[in-house]
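Residue numbers (the numbering used here): 269 to 513.
Reading through the structure tokens given below for one structure.
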Amino acid sequence: MDNMEYIDNYFNHPNTAEQKQEFEQRIIHDVSFAEEVAFYISTHNVIKEQLQIQQKERFRELYEQQKEALPRKQPVTQIWRYAIAACAIVAVMVLSWMLVSTSSSPEQLADAYIRQNWKTLDITMSSEPDSLQFGLTLFNAGKPAAALLQFETIAEKDSANFSAKKYAGIAALRQFQYDKALFYFSELAKDTTLHSNPGKFYQAVTLFKRSGTGDIDAAKKLLQEIAANDLEGSKEAKQWLRRLD
């Protein structure tokens, strides 16, 4: 098997930990091989996202290993070769992260979204008698049950209050009350007065989190609709659909 076939197999098939380690070691110790990896990557346009912290750390470790193995003085004509090798190592780390990302389960995707976006909620000032601000304060204080009651009270008194429905759904979801969360997000999705409506995407998040019978397929259909019509959440929808392919 020639190098290009070996490289192509590495990037397009699952790899064991031993195979990944062998591939990385060849990059470190074989500059010609590193150049071939860099060429392969450049022609396939695979570097698309920045490294996360752990990938940066891993690259730093590999780079330090390579630097220690090199003579202190190198001819100027050879410097570019090691720059290519370093780029190839970065590419391997990016691709490793991308391969891990594509293996994410629907529930993991939902969990990550919830942690990043709904750990706390932005507090907005309101002049309404039943202010959303109090419910948001309760939610951010770690009292989602009390917050849910507040949001539901507002929604019952004002059925057109889309914010109350949205926050009620989020508070219900944070308490694993999936049916209630789906109810409020469904009501939110029906609101045609909103210029930007996250209701359908929030439904998909909830279905992924619940992951019951038929939930994943239903969520994927919602994501496909969101992506196709460029609705709110289309960026995440497209990313998730790619990861779940």
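C-beta: ideal position from N, C-alpha, C; glycine also.
Look at the Cβ atom of D379, then the Cβ atom of K489, and state whether they are nearer than 8 Å.
Residue numbering aside, residue 379 sits at position 111 when the sequence shown is read from its first letter. Residue numbering aside, residue 489 sits at position 221 when the sequence shown is read from its first letter. No.
Alpha carbon of N313 to alpha carbon of D276, nearest angstrom
In the sequence shown, residue 313 corresponds to position 45, counting from 1. In the sequence shown, residue 276 corresponds to position 8, counting from 1. Confidence at N313 is low in this model, with a pLDDT of 47, below 50, so the placement of that residue is unreliable and no value is reported for it.
Exposed or buried, which one is E304 when buried takes at least 16 other CB atoms within 10 Å?
For the purposes of this step, residue 304 is taken as the residue at position 36 of the sequence shown. Counting Cβ neighbours within 10 Å, E304 comes out buried, since at least 16 surround it.
Taking a contact to mean a Cβ-Cβ separation below 8 Å, would you say A487 touches L475 in this structure?
Here residue 487 corresponds to residue number 219 of the sequence shown, with the count starting at 1. Here residue 475 corresponds to residue number 207 of the sequence shown, with the count starting at 1. In contact: A487 and L475 (Cβ atoms closer than 8 Å).
Helix, strand or coil for S395, going by three-state DSSP, please let me know.
Along the sequence shown, one-based indexing puts residue 395 at 127. Reliability of the predicted coordinates at S395 is poor, the pLDDT of 49 falling under 50, and the value obtained from them is presented with this limitation in mind. In the structure shown, S395 sits in coil (DSSP, three-state: anything other than H, G, I, E or B).
Classify G410 as helix, strand or coil using the three-state DSSP reduction.
The count along the sequence shown starts at 1 and reaches residue 410 at position 142. In the three-state reduction of the DSSP assignment, G410 falls in the coil class, being assigned neither a helical nor a strand state.
Suppose you measure from the CA of E273 to the CA of L404; what does that come to, to the nearest Å?
Taking the first residue of the sequence shown as position 1, residue 273 is located at position 5. Taking the first residue of the sequence shown as position 1, residue 404 is located at position 136. Straight-line Cα distance between these residues: approximately 56 Å.
Tell me where the alpha helix (DSSP H) around H297 begins and ends.
Position 29 of the sequence shown holds residue 297. According to the DSSP assignment, H297 belongs to the alpha helix (DSSP H) that extends over A285 to H297.
Measure the Cβ-Cβ separation of Y452 and A436 and say whether it is below 8 Å.
As a first step, residue 452 must be located in the sequence shown, where it is residue number 184. As a first step, residue 436 must be located in the sequence shown, where it is residue number 168. In this structure, the beta-carbon distance from Y452 to A436 falls below 8 Å.
For F430, the first and last residue of its enclosing alpha helix (DSSP H):
Numbered from its first residue, the sequence shown carries residue 430 at position 162. Note, F430: alpha helix (DSSP H), F430 to R442.
Touching by the beta-carbon criterion (3+ pairs, under 8 Å), the stretch 405-412 and the stretch 493-506:
Between the stretch 405-412 and the stretch 493-506, the count of C-beta pairs closer than 8 Å stays below three; the two stretches do not touch.
According to the neighbour-count rule (16 or more other Cβ atoms, all chains shown, within 10 Å of its Cβ), is P374 buried or exposed?
For the purposes of this step, residue 374 is identified with residue 106 of the sequence shown, where counting begins at 1. Residue environment: P374 is assigned as buried (16 or more neighbouring CB atoms within 10 Å of its CB, all protein chains considered).
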